[in-house]
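Chemist:
Residue numbers (this note's numbering), protein chains in the order written: chain A, 82 to 194; chain B, 2 to 117.
1. Looking at the secondary structure, which residues open and close the beta strand (DSSP E) in which residue 139 (chain A) lies?
2. Under DSSP, the beta strand (DSSP E) around residue 103 (chain B) begins and ends at which residues?
3. The stretch 31 to 48 of chain B: which residues have C-beta closer than 7 Å to a C-beta of chain A, in chain order?
4. Does chain B have any CB closer than 9 Å to the CB of residue 123 (chain A)?
5. For chain A, check one thing: does any of its Cβ atoms lie closer than 9 Å to the Cβ of residue 57 (chain B)?
6. In the DSSP assignment, find the unbroken beta strand (DSSP E) run with residue 173 (chain A) in it and report its ends.
7. Could you confirm whether any beta carbon from chain A is found closer than 9 Å to the beta carbon of residue 105 (chain B)?
8. Using a Cβ-Cβ cut-off of 9 Å, state whether residue 183 (chain A) counts as contacting chain B.
9. Kindly give me the distance between the Cβ atoms of residue 90 (chain B) and residue 111 (chain B), rounded to whole angstroms, as I take these residues to be in contact under 8 Å.
10. For residue 54 (chain B), which option in B:75, B:45, B:65, B:38 has the closest C-alpha, if you only look at C-alpha atoms?
11. Tell me whether residue 31 (chain B) sits in a helix, a strand or coil according to DSSP, three-state version.
12. Is the stretch 125 to 142 of chain A in contact with the stretch 26 to 33 of chain B, if contact means three or more CB pairs nearer than 8 Å?
13. By the three-class DSSP mapping on this structure, what secondary structure does residue 84 (chain B) have?
14. In the DSSP output, what is residue 150 (chain A) paired with across the bridge?
15. Apart from the five residues on each side of it in sequence, which residues of its chain come closer than 7 Å, Cβ to Cβ, to residue 173 (chain A)?
16. Enumerated in chain order, which unbroken segments of the beta strand (DSSP E) with a length of 3 residues or greater are wholly contained in the stretch 107 to 131 of chain A?
17. Looking only at its chain, what residues have a beta carbon closer than 7 Å to the beta carbon of residue 118 (chain B), apart from the 5 residues adjacent to it on each side?
18. Given a cut-off of 9 Å on the beta-carbon distance, is the pair residue 35 (chain A) and residue 122 (chain A) in contact?
19. Output the distance between the C-alpha atoms of residue 95 (chain B) and residue 40 (chain B), rounded to the nearest integer angstrom.
20. Taking C-beta pairs closer than 7 Å, name the residues in chain A that residue 51 (chain B) reaches, listed in chain order.
21. With a cut-off of 8 Å on the beta carbons, I'd call residue 230 (chain A) and residue 95 (chain A) a contact; round off their distance for me.
22. Beta-carbon of residue 67 (chain B) versus every beta-carbon of chain A: anything under 9 Å?
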């Protein structure tokens with residue numbers, strides 16, 4: 082995760098909004114992704130955004146992209162206890178088939194009732 | 002919907018032994034990726050295959066090898082296992098969607114390898 086940085090922890094109360102931030106370094110990234118990982122489980126794709134977009138909304142999730150600052154954020158509205166998990170930001174560097182996603186170190190979201 | 006299938010779910014090996022992990026991608030997905038995730042770590046990319054050819058290479062040790070077969074399933078072979086190889090190994094698959102390459106990776110539930 083050396084090219085993608087995230088804050089490590091976020092604690093919110095149930096019903097509040099959560100904002101998870103991510104910065105990336107490679108300006109050639111075309112798509113940026115958010116994945117969720119619950120304990121002992123695999124990575125679940127939440128949403129993604131194309132680099133020529135500023136915002137994408139999907140139900141309770143809003144992704145904001147500031148390409149100039151290479152800053153990506155994920156906002157979760159009305160956060161629930163079931164949202165407690167680790168959230169990973171990821172970037173894809175090239176358009177070639179098979180190019181891997183590079184992940185940040187993940188943000189642990191803790192939701193208290 | 003069909004997901005990525007990995008086997009085995011758990012594996013315990015001793016140092017210097019070998020292990021083989023298997024991955025069955027989502028139907029019609031032609032690309033597979035292998036990741037290693039240590040405790041409390043982010044997933045580290047190991048290697049990927051597109052249409053049975055190695056496509057991208059990450060931090061895969063020389064002791065590890067992988068291949069993708071004609072039915073698109075993939076196997077990760079690990080030899081001379083070390084204690085530090087204990088981790089969760091994920092396989093992911095994606096379809097090739099052309100350029101720009103928006104092919105989100107769909108992950109399996111992983112194989113937890115413990116080396117004693």
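In this text, a Cβ means the ideal position worked out from N, Cα and C, and glycines have one as well. For clarity, every value in this text was computed on a predicted model and none was experimentally measured.
Modeler: Answer, in terms of the structure:
1. The residue given as residue 139 (chain A) occupies position 58 in the first chain. Note, residue 139 (chain A): beta strand (DSSP E), 136 to 139.
2. The residue you call residue 103 (chain B) lines up with position 102 of the second chain. No beta strand (DSSP E) holds residue 103 (chain B); DSSP gives it neither H nor E.
3. Close to chain A, meaning a Cβ-Cβ distance shorter than 7 Å, are the following residues of the stretch 31 to 48 of chain B: 32, 34, 43, 44, 46.
4. Against the first chain, residue 123 (chain A) aligns to sequence position 42. Proximity of residue 123 (chain A) to chain B, defined by a Cβ-Cβ separation below 9 Å, is satisfied.
5. Taking the first residue of the second chain as position 1, residue 57 (chain B) is located at position 56. Taking CB atoms only, residue 57 (chain B) has a neighbour in chain A less than 9 Å away.
6. In the first chain, residue 173 (chain A) corresponds to position 92, counting from 1. Residue 173 (chain A) -> beta strand (DSSP E) spans 166 to 173.
7. Counting from one through the second chain, the residue named residue 105 (chain B) turns up at place 104. With 9 Å as the cut-off, residue 105 (chain B) counts as an interface residue toward chain A.
8. Working through the first chain from its first residue, we reach residue 183 (chain A) at position 102. Interface residue, yes.
9. Counted from its first residue, the second chain places residue 90 (chain B) at position 89. Counted from its first residue, the second chain places residue 111 (chain B) at position 110. Between residue 111 (chain B) and residue 90 (chain B) the Cβ distance is about 6 Å, and since that is below 8 Å, they are a contact.
10. The sequence position of residue 54 (chain B) within the second chain is 53, counting from 1. With distances taken between Cα atoms, residue 54 (chain B) lies closest to B:75.
11. For the purposes of this step, residue 31 (chain B) is taken as the residue at position 30 of the second chain. The three-state reading of DSSP puts residue 31 (chain B) in coil, since its state is none of H, G, I, E or B.
12. They do not touch, by the three-pair rule.
13. Here residue 84 (chain B) is taken as the residue at index 83 of the second chain, counted from 1. Three-state result, residue 84 (chain B): helix.
14. As a first step, residue 150 (chain A) must be located in the first chain, where it is residue number 69. None, per the DSSP bridge assignment.
15. Residue mapping note: residue 173 (chain A) aligns to position 92 of the first chain, counting from 1. Same-chain partners within the cutoff: 110, 111, 112, 180, 182.
16. Listed in chain order, the complete beta strand (DSSP E) runs (minimum 3 residues) inside the stretch 107 to 131 of chain A are 112 to 118, 124 to 131.
17. A query on residue 118 (chain B) cannot be resolved here, the shown segment of chain B reaching from 2 to 117 and no further.
18. Any answer about residue 35 (chain A) is impossible in this case: the structure gives chain A only from 82 up to 194.
19. As a first step, residue 95 (chain B) is located in the second chain; it is residue number 94 there, counting from the start. As a first step, residue 40 (chain B) is located in the second chain; it is residue number 39 there, counting from the start. Linking residue 95 (chain B) to residue 40 (chain B) through their CA atoms gives a straight-line distance of about 25 Å.
20. Translated into positions along the second chain, residue 51 (chain B) becomes position 50. Proximity of chain A to residue 51 (chain B) at the Cβ level (cut-off 7 Å) is accounted for by 178, 179, in chain order.
21. Because chain A is modelled from 82 through 194, residue 230 (chain A) falls outside the range shown and cannot be assessed.
22. The residue given as residue 67 (chain B) occupies position 66 in the second chain. No, residue 67 (chain B) does not count as interfacial toward chain A.
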